[in-house]
């Protein structure tokens, strides 16, 4: 469509009925403003984890038995350095009761010196005896305190619930994702009574406990850590972004006024950008979404993007007015000129954001939805509403003359910059760009996945939370950085010496992994008890090989300890880490997988050896496919799957459409799948499966397997793997989407290369910057790369959409670029600065992840702008010879 036809179409559809359109925009804005009042903060735990990840399947299956990853630790420190005084125990007792009373706390799993599930065991003439660490008749007397001290030592909870130096004691609690507010036992029909746990409210309740206890007991200092507390602190600090918004708004207004020299032209793009934010939040609420601490910055990003596109529009109107057009016609011409490149740029942004949906973590997916909605509405507010409003403005002759003078004054600078499109400068620029790309790629290989700092990386290192975390990890042998590796075995597995010995060996291996602070397991307790039964003789502090003695050693260990389930088929090994840095988690996960492979591989080889003769006897069998399927089946069992039973005999003729009986979740209709994939008949598949299951049982494949993972670090390990796996596919899809839209817009492969290559260089440099600044690739920083590409392409689209027209009219690349700079160069430079300054205010945030996002986006906006101004014309000079 030619420019004149587009102007006619825009004028006929929109500007001839501009009052009607503006009224519709106003009505819709009022409706969206109402929905904004319904906006809620949504900070649920499940949104932060990749629920479909293998580790999270284990976590979800066993979280009710062994607790989830949402753990809270409340440590009370006695400032005198000794907890054995009446006042401290009063404070600890009160804290225990108040923590247990918080809505969403799993009360049976609350642990403290005052809870009945914390018991001691000792040997006596009658055998093993024990009881609660703090007896029911505890009166706080010196004698009672001495007895408690002895019981603490007997219970082996020093470093776990009592600090190593006895200067503090801890209350530990697990939080449920949802709970029954009536307090009654939940039945199958009570699903509608369940209430989602409000983790922000939990954090506020914990903070209130801190305030009250420290006020009532001046000699006690409270330290609190845990996911919910961290989320609460993040949510509270996120509220401070309104300050950044006001600062960014003020700075942006000053910059736009300096650029336009007109109050009207300053207010209108800011107004339409604010309207876009209102629409974004209103639509988000209407669709049933909330806003979380990570995506709370997105509306301010949308505001900055809106202003940047608004500047392009007012630049076009100013230019047209300066060249003799009336404001009404100038607005029509600017709208017709910019609606296609602006629309393509914003659609590119939207598609780029939507690629974040590839990451199976809800908090990132919701960020993608939030950002996509925001950018999409900018097409209406800043490419349609803004020119409609501009058409009502009037400019004085003095203002028009000022615009002309400023345009003429800039031409000398545009001539200098246009030199980047002439040889030999263009060649030098391309070589430098290539070198920067190579250096960036090389350095980006050092970028780590996961958190690179101890404590909560979302918060500043000097935050109260991270100081509390530092105190607890330094004074206890445990913390919230714990991973539960589940030893899955057969029923009553804890009564078999070989199984318990393997778990004990596994614990020893984990204890020797760098970064592991301490470990706890059932075999460890059994060895201690066995030593007690042998009059405390250290030589007998070993696992008894006699089954009866082994049973006696574990008989007093309750399921409430979290060390075993009711039938002893699952025995968690708790591994406490010094921190949750990416390298610490990677070392531990690798060690777990290596140990699991060491016990699984020999059994697998034994099964394959025994099953090989049967496979050889099957006529026409595709041996490699059968072996591959058997391997997959065996690996599924090693990861916690159950044996699959063969199909019923009477359904063998219709195996393809029947469902087999399946024990567990290993597969649905596995015999049919085996038959279809291998080409075996239904009967042959059943025979193979029966024989295979027999060999699996004989080889002991199901006797013991170590499953990853539950606990906070288990969640982090799954999240790190999900982020790592999603990074490259996400970037490929972002670039494919942007490339396709550029091809459609420019109808030129060369033009698309000119726009895309600078983006690729900047992407490598951004990842290199993350490596240099020690910023890990996390849930918070991964979207920044996509956001940077999606928004960064805008500069290139605005420049090349004008430039290609001049080139096709017969101009040289340098002349075409000079004419382009006269039209849009100032707006592109200003846009880059506006976006960068807007997000740079995030550096002042109390939240470290917001500051990291601010650094990354500021860098990407500025360098993408420079890439479009410098590298794009140099590439055009190479690809367009004339």
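In full-length UniProt numbering, the protein residues as written are 1 to 882. Ideal placement from N, C-alpha and C gives every residue a C-beta, glycine not left out.
Inset, instruction - Give every residue of the same chain whose Cβ lies closer than 6 Å to the Cβ of residue 117, excluding the five residues on either side of it in the sequence, and list them in chain order. - result: For the purposes of this step, residue 117 is taken as residue 117 along the chain shown, with counting starting at 1. Within the same chain, residue 117 has close Cβ partners 560.
Inset, instruction - My understanding is that residue 484 touches residue 709, with C-beta atoms under 8 Å, so please give their C-beta distance in whole angstroms. - result: For the purposes of this step, residue 484 is identified with residue 484 of the chain shown, where counting begins at 1. For the purposes of this step, residue 709 is identified with residue 709 of the chain shown, where counting begins at 1. Contact holds; Cβ gap of about 6 Å.
Inset, instruction - Would you kindly check if the distance between the Cβ of residue 521 and the Cβ of residue 447 is under 8 Å? - result: Indexing the chain shown from 1 puts residue 447 at position 447. Indexing the chain shown from 1 puts residue 521 at position 521. Not a contact, by the Cβ cut-off of 8 Å.
Inset, instruction - Flag this pair as touching only if the stretch 755-772 and the stretch 387-403 have three or more C-beta atom pairs under 8 Å; answer yes or no. - result: no
Legend entry - Segments of 4+ residues assigned as alpha helix (DSSP H) that fall wholly inside the stretch 51-101: 54-66 and 86-100
Legend entry - Start and end residues, beta strand (DSSP E) containing residue 572: Start at 1 with the first residue of the chain shown, and residue 572 comes out as number 572. Looking at the DSSP string, the run of the beta strand (DSSP E) that includes residue 572 is 570-577.
Legend entry - C-alpha distance - residue 57 paired with residue 361, whole-angstrom precision: Position 57 of the chain shown holds residue 57. Position 361 of the chain shown holds residue 361. So the two alpha carbons sit approximately 14 Å from each other.
Inset, instruction - Take residue 145 as the anchor and find which of 108, 87, 196 and 195 has the nearest alpha-carbon. - result: Here residue 145 corresponds to residue number 145 of the chain shown, with the count starting at 1. Residue 145 has its Cα closest to that of 87, out of 108, 87, 196 and 195.
Inset, instruction - With DSSP collapsed to three states, give me the class of residue 130. - result: Here residue 130 refers to the residue found at position 130 when the chain shown is read from its first residue. Residue state, collapsed to three classes: strand.
Inset, instruction - Would you tell me roughly how many angstroms separate the C-alpha atoms of residue 313 and residue 302, rounded to the nearest one? - result: Here residue 313 refers to the residue found at position 313 of the chain shown. Here residue 302 refers to the residue found at position 302 of the chain shown. The straight-line gap from Cα to Cα measures roughly 16 Å.
Inset, instruction - Mind checking who residue 487 pairs with in its DSSP beta bridge? - result: Stepping through the chain shown from its first residue, residue 487 is reached at position 487. DSSP, once it has assigned bridges, lists 571 and 706 as partnering residue 487.
Legend entry - Spatially closest choice to residue 132 from 143, 141, 110 and 155, by CA coordinates: Walking along the chain shown from the start, residue 132 turns up at place 132. It is 155 whose Cα lies nearest to the Cα of residue 132.
Inset, instruction - Could you work out which residue in 636, 267, 370 and 273 is closest to residue 294 when comparing CA atoms only? - result: The sequence position of residue 294 within the chain shown is 294, counting from 1. It is 370 whose Cα lies nearest to the Cα of residue 294.
Inset, instruction - Using 10 angstroms around the beta-carbon of residue 841, count the other beta-carbons present and answer buried if the total reaches 16, otherwise exposed. - result: Reading the chain shown from its first residue, position 841 is the one you call residue 841. Buried, because 16 or more other Cβ atoms sit within 10 Å of the Cβ of residue 841.
Legend entry - Distance between residue 609 and residue 365 (C-alpha atoms, nearest Å): Within the chain shown, the letter at position 365 stands for residue 365. Within the chain shown, the letter at position 609 stands for residue 609. So the two alpha carbons sit approximately 46 Å from each other.
Inset, instruction - Mind checking who residue 162 pairs with in its DSSP beta bridge? - result: On the chain shown, residue 162 is found 162 positions in, with the first residue counted as 1. Its beta-bridge partners are 158 and 169.
Inset, instruction - Check whether the Cβ atoms of residue 10 and residue 345 lie closer than 8 Å to each other. - result: Sequence index remark: in the chain shown, residue 10 carries index 10 (1-based). Sequence index remark: in the chain shown, residue 345 carries index 345 (1-based). Contact: no.
Inset, instruction - Using the Cα positions of residue 91 and residue 452, report the straight-line distance between them to the nearest angstrom. - result: In the chain shown, counting from the first residue as 1, residue 91 sits at position 91. In the chain shown, counting from the first residue as 1, residue 452 sits at position 452. Each residue's alpha carbon lies about 36 Å from the other.
Legend entry - Sequence-distant residues of its chain with Cβ nearer than 8 Å to residue 12 (five each side left out): Locating residue 12 in the chain shown gives position 12, counting from the first residue. Within the same chain, residue 12 has no close Cβ partners at all.
Inset, instruction - Confirm, please, whether the CB-CB distance from residue 822 to residue 207 is below 8 Å. - result: For this step, residue 207 is matched to residue 207 along the chain shown. For this step, residue 822 is matched to residue 822 along the chain shown. No, the pair does not count as a contact, with Cβ atoms beyond the cut-off.
Legend entry - Close beta carbons around residue 334, own chain, < 7 Å, minus the five adjacent residues each side: For the purposes of this step, residue 334 is identified with residue 334 of the chain shown, where counting begins at 1. Result list for residue 334: 313, 316, 317, 320 and 387, in chain order.
Inset, instruction - Helix, strand or coil for residue 781, going by three-state DSSP, please let me know. - result: Here the question's residue 781 lines up with position 781 in the chain shown. Three-state DSSP puts residue 781 in coil, outside helix and strand.
Inset, instruction - Indicate the three-state DSSP secondary structure (helix, strand or coil) for residue 800 in the structure shown. - result: Residue mapping note: residue 800 aligns to position 800 of the chain shown, counting from 1. Correct three-state label for residue 800: helix.
Inset, instruction - Tell me where the alpha helix (DSSP H) around residue 416 begins and ends. - result: Residue numbering aside, residue 416 sits at position 416 when the chain shown is read from its first letter. Here the alpha helix (DSSP H) through residue 416 covers 397-418.
Inset, instruction - Note the first and the last residue of the continuous beta strand (DSSP E) segment covering residue 517. - result: Position 517 of the chain shown, counted from the start, is the residue given in the question as residue 517. Per DSSP, residue 517 belongs to the beta strand (DSSP E) from 516-520.
Legend entry - Own chain partners of residue 257 with C-beta closer than 6 Å, once the 5 adjacent residues on each side are dropped: By 1-based counting over the chain shown, the position of residue 257 is 257. These residues qualify, in order along the chain: 266.
Inset, instruction - Classify residue 174 as helix, strand or coil using the three-state DSSP reduction. - result: Indexing the chain shown from 1 puts residue 174 at position 174. Here residue 174 sits in strand by DSSP.
Legend entry - Where the alpha helix (DSSP H) through residue 352 begins and ends: Counting from 1 along the chain shown, the entry for residue 352 is found at position 352. That run of the alpha helix (DSSP H) goes 327-354.
Inset, instruction - Enumerate in chain order the residues of its own chain whose CB-to-CB distance from residue 368 is below 7 Å, with the five nearest sequence positions on each side excluded. - result: Residue 368 sits at position 368 when you count from the first residue of the chain shown. For residue 368, where only same-chain residues beyond five positions count, the Cβ hits under 7 Å are 353, 354, 356 and 357.
Legend entry - DSSP-derived helix/strand/coil call for residue 453: Here the question's residue 453 lines up with position 453 in the chain shown. Correct three-state label for residue 453: coil.
Inset, instruction - Return the bridge partner residues of residue 282 from the DSSP annotation. - result: Sequence index remark: in the chain shown, residue 282 carries index 282 (1-based). For residue 282, which the question treats as bridged, DSSP gives no partner whatsoever.
Legend entry - Residue range of the unbroken beta strand (DSSP E) whose run includes residue 644: One-based indexing of the chain shown puts residue 644 at position 644. Segment: none, residue 644 is in no beta strand (DSSP E) and carries neither H nor E.
Legend entry - Buried or exposed by the 16-neighbour rule on C-beta atoms within 10 Å, applied to residue 109: What you label residue 109 is simply residue 109 of the chain shown in a count that begins at 1. Residue 109 is buried by the Cβ-count criterion.
Legend entry - Extent of the continuous beta strand (DSSP E) to which residue 220 belongs: On the chain shown, position 220 is the one that residue 220 refers to. Residues 220-226.
Inset, instruction - Please name the residue, chosen from 194, 691, 800 and 618, that lies closest to residue 872 on a Cα-to-Cα basis. - result: Residue mapping note: residue 872 aligns to position 872 of the chain shown, counting from 1. When only C-alpha atoms are compared, the closest one is 800.
Legend entry - 7 Å CB neighbourhood of residue 585 in its chain, flanking five on each side removed: Taking the first residue of the chain shown as position 1, residue 585 is located at position 585. Answer for residue 585: 450, 713, 716, 717 and 720, listed in chain order.
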